[in-house]
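The opening position of the sequence shown corresponds to residue 1389 in the numbering used here, with each subsequent residue numbered one higher.
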Amino acid sequence: MATLLSAQGVSRAFGGVQALNGCSLNVEKGSITGLIGPNGSGKTTLFNVITGYVKPDAGKVTFDGRDITNARPDKVFAFGIGRTFQLTRIFARMSVVENMLVATQHDEGSLRGLTRSKSSKADLDAAMEWLGFVGLARLASTEAGMLSYGQRKLLELAYVLVANPDVILLDEPAGGVNLTLINEIGEKIRTLNKDGKTFLIVEHNMEFVMRLCDTVTVMHQGCDLVSGAPADVRSNPLVLDAYLGGGDDEDEDEDSQADNG
Ligand SMILES: Nc1ncnc2c1ncn2[C@@H]1O[C@H](COP(=O)(O)OP(=O)(O)O)[C@@H](O)[C@H]1O
Ligand SMILES: [Mg+2]
């Protein structure tokens, strides 16, 4: 397999905090790659650097052989890198389908999105198709703010999918979601992957990661610590040390500031 997305030696500090410290990551085309590590190890910051929300102090990001370091978020999105956020970002006062139509306008440049008042039939069809895929079609006209937490996650996934990116970055897709829905999200990812989509997934739910991913990279203190097959990574003593010594990683969701790209 060929590398589709890579970060090489990426560093980024926030004040005195070295969030990333020479971090490297490879995502093979067609893979489902997991990115794990204790809270605060830099996973979301790496997502933010890759997708243009945060500028790196050093290092390089390439996509499909092209240097995309420092490209702005809308550019990165247009290149074919879609992402969801650890804390979902939907327009609460708009209906579910209206949220989707915002997404269909992304790839045409924001100007057209702003000046155009009506979406095309094709956009609407695509929006409804992907809402159907995630099981939200019957809620299309519901105000998005009325959705449950899990349904918002599904809407965000549909929102990313309608733009048809080559690689999809998911930040904690299973976080705070019930087990039935976790399994459903896992199935959706698998189906999409069979159709050729590449995934990079940050997730604390270890079972979800181990079951779904082909390769896992473990981060620790802003660096990539180990990469490999899930079973090898899981039993690697370095990884066990990182988790045990790295403080608490299981039940918190306190790093929301890193999402404010
Ligand atoms: N925008 C920011 N401003 C200040 N500190 C930040 C910001 N983003 C991330 N950090 C800090 O960088 C470190 C890595 O955070 P993050 O990338 O969110 O880790 P993870 O997603 O692995 O939990 C943490 O110490 C976090 O507090
Ligand atoms: Mg995070």
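Glycine residues also receive a C-beta, built at the ideal position from the N, C-alpha and C atoms. Model, not experiment: these values are computed from the prediction.
Asked	Found
Cut-off 7 Å between Cβ atoms - residues of its own chain near Arg1400, not counting five sequence neighbours on either side	Ala1407, Leu1408, Thr1433, Val1437, Val1442, Pro1444, Asp1445
Unbroken alpha helix (DSSP H) run spanning Val1449, endpoints	Note, Val1449: premise wrong, no alpha helix (DSSP H); beta strand (DSSP E) at 1446 to 1451.
Nonlocal neighbours in the same chain, by C-beta distance under 7 Å from Val1621, ignoring five residues either side	Val1604, Val1606, Val1614, Val1627
Neighbour-count burial assignment, Lys1541, 16 or more Cβ in a 10 Å radius	buried
Ligand 1 heavy atom lying under 7 Å from the CB of Asn1593	no
Backbone CA spacing between Gly1447 and Leu1527 [nearest angstrom]	43 Å
Identified DSSP bridge partners for Asn1402	Reading the sequence as shown, one finds Phe at residue 1402 and not Asn. DSSP output for Phe1402 lists Val1405 as bridge partner(s).
Range of the contiguous beta strand (DSSP E) that encloses Phe1587	1586 to 1590
Proximity to Leu1475 [Cα-Cα], best of Thr1579, Leu1600, Arg1578, Asp1559	Asp1559
Those residues which DSSP pairs with Gln1539 across a bridge	DSSP lists no partner for Gln1539.
Arg1481 classed as buried or exposed, judged by whether at least 16 other C-beta atoms fall within 10 angstroms	exposed
Rounded C-alpha distance that separates Gly1497 from Arg1471	Confidence is the limiting factor: at Gly1497 the pLDDT is only 45, short of 50, which leaves the residue's position unreliable and the question unanswerable from this model.
Between the CA atoms of Glu1544 and Val1555 - distance to the nearest angstrom	15 Å
Asp1559 Cβ short of 7 Å to ligand 2 heavy atom set	yes
Residue interval of the alpha helix (DSSP H) (run including Ile1652)	The chain is shown only over 1389 to 1649; residue 1652 falls outside these bounds and no answer can be derived.
Given Val1597 as reference, the closest of Gln1396, Ile1420, Val1398 once Cα atoms are compared	Ile1420
Any non-hydrogen atom of ligand 1 closer than 7 Å to Ala1630 Cβ	no
Exposure of Phe1587, with buried meaning 16 or more beta-carbon neighbours within 10 Å	buried
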